[in-house]
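S.K.: Using this note's numbering, the letters of the sequence shown correspond one by one to residues 130 to 206.
What follows is a structure written as structure tokens; I'll ask about it next.
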Amino acid sequence: MKLEQLQYLIEVDNCKSISKAAKKLSLTQPFLSNAITSLEKELGIVIFERKATGVTPNQNGQVVLTLARNIIDNMDH
């Protein structure tokens with residue numbers, strides 16, 4: 130797991146969309162989608178429920194996002 134991946138998760142959650150987050154991060158949608166899928170495989174859990182209308186974190190995702198935000202916040206201080 131890389132800090133970059135945690136930032137990706139946070140931005141996807143903020144945007145509620147992988148496509149919108151990719152634009153904000155200046156990445157392609159396939160790259161960001163693959164990065165998230167790769168992290169999910171690494172952790173052995175699904176983080177986001179994907180639907181045509183966007184993404185939402187599931188229960189595991191909420192835990193991971195809380196931890197990701199704490200890590201990023203601590204890095205900023």
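All residues carry an ideal CB built from backbone N, CA and C; glycine is no exception.
Taking 8 Å as the cut-off, does the region 185-195 touch the region 147-156 (at least 3 CB pairs, one atom from each stretch)?
M.R.: Three or more Cβ pairs closer than 8 Å define a contact, and the region 147-156 falls short of that threshold against the region 185-195.
S.K.: Would you kindly check if the distance between the Cβ of Ile201 and the Cβ of Leu135 is under 8 Å?
M.R.: yes
S.K.: To the nearest angstrom, report how far apart Asn203 and Leu196 are at their CA atoms.
M.R.: Linking Asn203 to Leu196 through their CA atoms gives a straight-line distance of about 11 Å.
S.K.: Distance check for His206 and Arg179, CA to CA, integer angstroms please.
M.R.: Rounded to the nearest whole angstrom, the C-alpha separation of Arg179 and His206 is 33 Å.
S.K.: On the DSSP letters alone, give me the boundaries of the alpha helix (DSSP H) that Gly190 sits inside.
M.R.: 188-205
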